[in-house]
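Input: a single structure, listed below in structure tokens.
Numbering (my numbering), first residue to last: 22 to 156.
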């Protein structure tokens with residue numbers, strides 16, 4: 022994520038130019054937020070899989086462990102995404118036009134989440150299920 026952030030920020034700053042730095046950083050943040058939040062969520066879910074796996078349940082259903090890094094995460098080009106979406110995102114920020122990111126989990130409806138929610142679910146023995154293709 023850090024490398025992607027660096028590439029995205031550099032691209033947004035290049036597009037925004039010397040006098041457009043404030044807008045360029047806002048665009049960068051908007052382009053990255055949902056993707057990074059999904060990657061962080063995947064990290065928490067992977068932690069839960071590793072540390073709280075019941076070996077008997079895993080033997081019965083090996084898919085329970087599953088993939089730890091989704092294709093949505095591996096096959097993203099943050100530079101091209103910034104070039105392709107900078108103007109639409111800037112228009113959204115400046116003029117409230119519609120803009121939706123498409124650089125996170127396919128078919129996932131993004132929802133804010135907190136670490137506290139994860140910890141509470143873990144204490145209750147629940148798994149957090151999400152829509153979309155996280156594979």
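In this text, a Cβ means the ideal position worked out from N, Cα and C, and glycines have one as well.
Q) According to DSSP, is residue 29 helix, strand or coil? A) Of the three classes helix, strand and coil, the one that applies to residue 29 here is helix, per DSSP.
Q: Spatial neighbours of residue 112 within its chain, please: CB distance less than 6 angstroms, with the 5 preceding and 5 following residues excluded, ordered by chain position.
A: Non-local beta-carbon contacts of residue 112 in its own chain, meaning distances under 6 angstroms to residues more than five positions away in sequence, involve 118 in chain order.
Q. Which term fits residue 45, buried or exposed, when burial requires 16 or more other beta carbons within 10 angstroms of its beta carbon?
A. Label assigned to residue 45: buried.
Q. Could you give the distance in angstroms between the alpha-carbon of residue 55 and the alpha-carbon of residue 114?
A. Distance between the alpha carbons of residue 55 and residue 114 is about 16 angstroms.
Q) Buried or exposed: where does residue 136 fall if 16 or more other Cβ atoms within 10 Å of its Cβ makes it buried? A) By the Cβ neighbour-count rule, residue 136 is exposed, with fewer than 16 other Cβ atoms within 10 Å of its own.
**Q.** Within 9 angstroms, strictly: CB atoms of residue 139 and residue 65
**A.** Between residue 139 and residue 65, the C-beta gap is smaller than 9 angstroms, which places the two residues in contact.
Q) So residue 107 is in the alpha helix (DSSP H); what residue range does that whole segment cover? A) Membership of residue 107 in the alpha helix (DSSP H) is indicated by the continuous run 99 to 116.
(Q) At the level of alpha carbons, what is the spacing between residue 33 and residue 63? (A) Their backbone Cα atoms lie some 26 angstroms apart in a straight line.
Q) Taking residue 96 as the reference, which of 123, 145, 37 has the closest Cα? A) Of the candidates 123, 145, 37, the residue whose Cα lies closest to the Cα of residue 96 is 123.
Q. Taking Cβ positions, are residue 25 and residue 99 nearer each other than 9 angstroms?
A. If you check the CB distance, residue 25 and residue 99 come in under 9 angstroms.
Q: Check residue 62 in the structure and name its three-state DSSP category.
A: Residue 62: helix per DSSP, three-state reduction.
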